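Residue numbers (our numbering), protein chains in the order written: chain A, 1 to 222; chain B, 1001 to 1222.
Protein chains: 2
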Amino acid sequence: MRLVIARCTVDYQGRLTAHLPEAVRLLMVKADGCVAVHADGGAFKPLNWMNAPNTLVEYPDRWEVTSAKGEALLITIHEVLSEQRYDFGDDPGLQKDGVEAHLQELLAERPWALEDGMSLVRREYPTSLGPVDLLCTDSRGRAVAVEIKRRGEIDGVEQLTRYRERLDMDSRLAPVRAMFVAQSIAPQARTLAESRGVEALEVDYDDLRQIESSRPRLFDLH
Amino acid sequence: MRLVIARCTVDYQGRLTAHLPEAVRLLMVKADGCVAVHADGGAFKPLNWMNAPNTLVEYPDRWEVTSAKGEALLITIHEVLSEQRYDFGDDPGLQKDGVEAHLQELLAERPWALEDGMSLVRREYPTSLGPVDLLCTDSRGRAVAVEIKRRGEIDGVEQLTRYRERLDMDSRLAPVRAMFVAQSIAPQARTLAESRGVEALEVDYDDLRQIESSRPRLFDLH
DNA sequence: GACTCTATCTCGGTA
DNA sequence: TACCGAGGTAGAGTC
Chain A
1 MRLVIARCTV DYQGRLTAHL PEAVRLLMVK ADGCVAVHAD GGAFKPLNWM
51 NAPNTLVEYP DRWEVTSAKG EALLITIHEV LSEQRYDFGD DPGLQKDGVE
101 AHLQELLAER PWALEDGMSL VRREYPTSLG PVDLLCTDSR GRAVAVEIKR
151 RGEIDGVEQL TRYRERLDMD SRLAPVRAMF VAQSIAPQAR TLAESRGVEA
201 LEVDYDDLRQ IESSRPRLFD LH
Chain B
1001 MRLVIARCTV DYQGRLTAHL PEAVRLLMVK ADGCVAVHAD GGAFKPLNWM
1051 NAPNTLVEYP DRWEVTSAKG EALLITIHEV LSEQRYDFGD DPGLQKDGVE
1101 AHLQELLAER PWALEDGMSL VRREYPTSLG PVDLLCTDSR GRAVAVEIKR
1151 RGEIDGVEQL TRYRERLDMD SRLAPVRAMF VAQSIAPQAR TLAESRGVEA
1201 LEVDYDDLRQ IESSRPRLFD LH
């Protein structure tokens, strides 16, 4: 990690064209070679950056960072105010919990939590417009397309409607039920779901974990 | 700007739950109060962060950053390796060029680039669901709703479909044609467009600039 | 404040 | 590699 504080001017040409007038900024060069130009505000996003892999060529008065894709970042350095290097070593990386994937996993193992008698056909069931999160069958053997979101918004209902449309083209599945499942469902999404004949269901993440899984463990390790 | 290099452990609880095992990282605190935890790699995005406004309380062995929305970032500091503060002063901000707005501008001045005989009614034509990028009329006088993207994906087709639905409610405009225009259009977006009766058109930014504008200049400055 | 939409989106998974 | 979807999306603009 290399941290340089400098009065600089920055120009980027690549996916767009951007210019930064002269000011004091932080130049951050990470071990993987990526370069970021930070102002002292405006949240965590840098003003300008160049991802790895790239080539950084340093001159006394400027840095030229170029990538194979034809992007170029030119940092004109008017004055260096501070410079620092540090070796961090490897980072063990971020562990996340509570995202959509976990919710999908929980429901795939407990389809009866959605409705009595529900059973799983397949996770990520493919259609020509993308995969349905879960394809299930209800107690009467009717196909049910399930779309899972952390937060249920209008986009998700649109997505599920598209999938149902495609699945209904398959005579072995039609007519397909559609079930929109989320930890919380926005009022607008609920309204749209209703008008589309899509069932909307809120589930609680912690409650779900209490419900018996289809793969019970002898020793429930915590 | 405050830059601290420290061996630390990080826990975030809020929109999700995340944990970072002990390692050396950069802690960046900006003048607006936002806090970011950077590893020495992985592009410009921090591993963890907390946006302003928030409250940072420092103890000898840990930082507690909390927000009004109930998010909490706990940074346990095992060892401080370096600390630095610097006052940057104001930043004049970024100037951008070549984003979607420019593509829209180019097409608004050259609607015939979309189709022979096309003419512009209005940019950002309002509907109750948001503005349509361009409303045009074709050579037969039929209304055409145009949605412009840099990259055409499935969401954009949905967006345009919603607008057309609204515009079709206006008897002076109906039936409205829908035209999805982008520098590149994803296969799935094309599939959806087709099934929705939406025309899909790829345009080249540089070619467009070559086409005569409706506001020709006497002196074409470069 | 709520809603909408863009983004050099980033990032991860998958065919 | 390209494509596709999620994101603690963030951030800007509008109403």
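Built from N, CA and C at the ideal position, the CB exists for glycine as well. Everything numeric in this text was worked out from a predicted model, so none of it was measured.
Worksheet entry | L173(A) versus Q159(A) - alpha carbon distance | To locate residue 173(A), count along the first sequence from 1; it is residue 173. To locate residue 159(A), count along the first sequence from 1; it is residue 159. Using only the alpha carbons, I get a separation of about 18 Å.
Worksheet entry | For E1194(B), the three-state DSSP class (helix, strand or coil) | Numbered from 1 along the second sequence, position 194 holds the residue referred to as residue 1194(B). Reduced to three states, the DSSP call for E1194(B) is helix.
Practice prompt. Output yes if chain A places a C-beta closer than 7 Å to the C-beta of G1014(B); else output no.
Written response: Taking the first residue of the second sequence as 1, we reach residue 1014(B) at position 14. Judged by the 7 Å Cβ criterion, G1014(B) is not in contact with chain A.
Worksheet item: Which word fits L221(A), buried or exposed, when buried means at least 16 other C-beta atoms lie within 10 angstroms of its C-beta?
Response: Along the first sequence, one-based indexing puts residue 221(A) at 221. Caution applies to L221(A), whose pLDDT of 39 falls short of 50 and renders its modelled position unreliable; the value that the coordinates give is listed next. It is exposed - the Cβ of L221(A) has fewer than 16 other Cβ atoms within 10 Å.
Discussion item. Among the candidates G14(A), Q13(A) and V65(A), whose CA atom is the shortest distance from the CA of L27(A)?
Written reply: Indexing the first sequence from 1 puts residue 27(A) at position 27. When each option's Cα is compared against that of L27(A), the closest is V65(A).
Discussion item. Let's test the definition: count the other Cβ atoms within 10 Å of the Cβ of A1189(B) and tell me whether it reaches 16, buried, or not, exposed.
Written reply: Along the second sequence, read from residue 1 onward, the residue named residue 1189(B) stands at position 189. Per the 10 Å Cβ criterion, buried.
Practice prompt. Please check if any C-beta of chain B sits within less than 7 Å of the C-beta of V29(A).
Written response: Sequence index remark: in the first sequence, residue 29(A) carries index 29 (1-based). So no, V29(A) is outside the interface.
Item to complete: Examine chain B for any beta-carbon lying closer than 7 Å to the beta-carbon of K149(A), and answer yes or no.
Response: Counted from its first residue, the first sequence places residue 149(A) at position 149. Not an interface residue.
Worksheet item: So, do the segment 1102-1120 of chain B and the segment 1079-1088 of chain B have three or more beta carbon pairs nearer to each other than 8 Å?
Response: no
Fill in: Inter-residue CB distance, D1138(B) and M1169(B) (contact presumed, cutoff 8 Å)
Sequence index remark: in the second sequence, residue 1138(B) carries index 138 (1-based). Sequence index remark: in the second sequence, residue 1169(B) carries index 169 (1-based). Not quite, the Cβ-Cβ distance comes to about 20 Å (not below 8 Å), so this is no contact.
Worksheet entry | Nonlocal neighbours in the same chain, by C-beta distance under 7 Å from E194(A), ignoring five residues either side | Position 194 of the first sequence holds residue 194(A). Around E194(A): no qualifying Cβ.
Worksheet entry | Per DSSP, cross-strand counterpart(s) of E1064(B) | Taking the first residue of the second sequence as 1, we reach residue 1064(B) at position 64. V1057(B) and L1074(B).
Worksheet entry | Contact the segment 179-187 of chain A vs the segment 141-152 of chain A: 3+ CB pairs below 8 Å | yes
Worksheet item: If you run the structure through DSSP and keep just helix, strand and coil, what is Q1013(B)?
Response: Taking the first residue of the second sequence as position 1, residue 1013(B) is located at position 13. In this structure, Q1013(B) counts as strand in the three-state DSSP scheme.
Worksheet item: Taking any Cβ of chain A, which residues in the segment 1088-1111 of chain B have a Cβ under 7 Å from it, in chain order?
Response: F1088, G1089, D1091, P1092, L1094, Q1095, K1096, D1097, G1098 and V1099
Practice prompt. Let me know if P216(A) comes out buried or exposed under the rule of 16 or more other beta-carbons within 10 Å of its beta-carbon.
Written response: Within the first sequence, the letter at position 216 stands for residue 216(A). A caution first: P216(A) carries a pLDDT of 49, below 50, which makes its placement in the model too unreliable to give a value.
Worksheet item: Around the C-beta of E147(A), are 16 or more other C-beta atoms found within 10 angstroms, so that it is buried, or is it exposed?
Response: Reading the first sequence from its first residue, position 147 is the one you call residue 147(A). Result: buried.
Worksheet item: In or out: G156(A) buried (at least 16 other Cβ within 10 Å) or exposed?
Response: Walking along the first sequence from the start, residue 156(A) turns up at place 156. It counts as buried.
Discussion item. Counting only Cβ-Cβ distances shorter than 9 Å, please list the residues of the segment 70-89 of chain A near chain B, keeping chain order.
Written reply: L81, S82, Q84, Y86, D87, F88 and G89
Worksheet item: Of all the beta strand (DSSP E) runs that stay within the bounds of the segment 134-158 of chain A, which reach a length of 3 or more residues?
Response: 143-152
Discussion item. Taking 7 Å as the threshold (C-beta atoms), are L1201(B) and V1176(B) in contact?
Written reply: Locating residue 1176(B) in the second sequence gives position 176, counting from the first residue. Locating residue 1201(B) in the second sequence gives position 201, counting from the first residue. Their beta carbons are not under 7 Å apart, which means V1176(B) does not touch L1201(B) by this criterion.
Worksheet entry | Which residues DSSP lists as bridging V1037(B), in chain order | Taking the second sequence and counting its residues from 1, one reaches residue 1037(B) at position 37. Paired residue(s): L1027(B) and N1048(B).
Fill in: Terminal residues of the alpha helix (DSSP H) in which E109(A) lies
Here residue 109(A) corresponds to residue number 109 of the first sequence, with the count starting at 1. Run containing E109(A): E100 to E109, per the alpha helix (DSSP H) assignment.
Fill in: Boundaries of the alpha helix (DSSP H) in which R1209(B) is found, first to last residue
On the second sequence, position 209 is the one that residue 1209(B) refers to. Residues Y1205 to Q1210.
Worksheet item: For the candidate residues A1052(B), P1021(B), T1017(B) and G1014(B), whose alpha-carbon lies nearest to that of D1032(B)?
Response: Position 32 of the second sequence, counting from 1, holds the residue named residue 1032(B). Of the candidates A1052(B), P1021(B), T1017(B) and G1014(B), the one whose C-alpha sits nearest the C-alpha of D1032(B) is A1052(B).
Worksheet item: Per DSSP, which one or two residues make a beta bridge with T127(A)?
Response: Locating residue 127(A) in the first sequence gives position 127, where the first residue counts as 1. Its beta-bridge partners are G130(A).
Fill in: Same chain only: Cβ atoms within 7 Å of R1142(B), ignoring 5 sequence neighbours per side
Locating residue 1142(B) in the second sequence gives position 142, where the first residue counts as 1. Cβ neighbours of R1142(B) beyond the five flanking positions: R1177.
Discussion item. Which of the three DSSP states is assigned to L1114(B) in this structure?
Written reply: Position 114 of the second sequence holds residue 1114(B). Coil at L1114(B), not helix or strand.
Worksheet entry | Span of the beta strand (DSSP E), counted from its first residue to its last, around V1181(B) | Translated into positions along the second sequence, residue 1181(B) becomes position 181. Per DSSP, V1181(B) belongs to the beta strand (DSSP E) from R1177 to I1185.
Discussion item. Based on DSSP bridge pairs, tell me the residues matched to K69(A).
Written reply: As a position in the first sequence, residue 69(A) is number 69, starting the count at 1. Paired residue(s): none; K69(A) is not in a bridge.
Worksheet entry | A18(A) versus L167(A): straight-line alpha-carbon distance, rounded | Start at 1 with the first residue of the first sequence, and residue 18(A) comes out as number 18. Start at 1 with the first residue of the first sequence, and residue 167(A) comes out as number 167. The alpha-carbon atoms of A18(A) and L167(A) are separated by roughly 45 Å.
Discussion item. Quick check on DSSP: helix, strand or coil for H1019(B)?
Written reply: Here residue 1019(B) refers to the residue found at position 19 of the second sequence. Reduced to three states, the DSSP call for H1019(B) is strand.
Worksheet item: With respect to the beta strand (DSSP E) encompassing D97(A), which residues constitute its N-terminal and C-terminal limits?
Response: As a working note, residue 97(A) is residue 97 in the first sequence. Here the beta strand (DSSP E) through D97(A) covers Q95 to D97.
Fill in: From L1134(B), T1191(B), M1179(B) and E1165(B), residue whose alpha carbon lies closest to that of R162(A)
Locating residue 162(A) in the first sequence gives position 162, where the first residue counts as 1. Nearest of L1134(B), T1191(B), M1179(B) and E1165(B) to R162(A), Cα basis: T1191(B).
Worksheet entry | Residues that N1051(B) contacts on chain A, provided the C-beta gap is smaller than 7 Å | Numbered from its first residue, the second sequence carries residue 1051(B) at position 51. Under the 7 Å cutoff, chain A gives A43.
Practice prompt. For T9(A), I'd like the list of residues in its chain whose CB is within less than 6 Å of its CB, leaving aside the five on either flank, ordered along the chain.
Written response: Residue 9(A) sits at position 9 when you count from the first residue of the first sequence. Once the five neighbours on either side are set aside, the close Cβ partners of T9(A) are E22 and T76.
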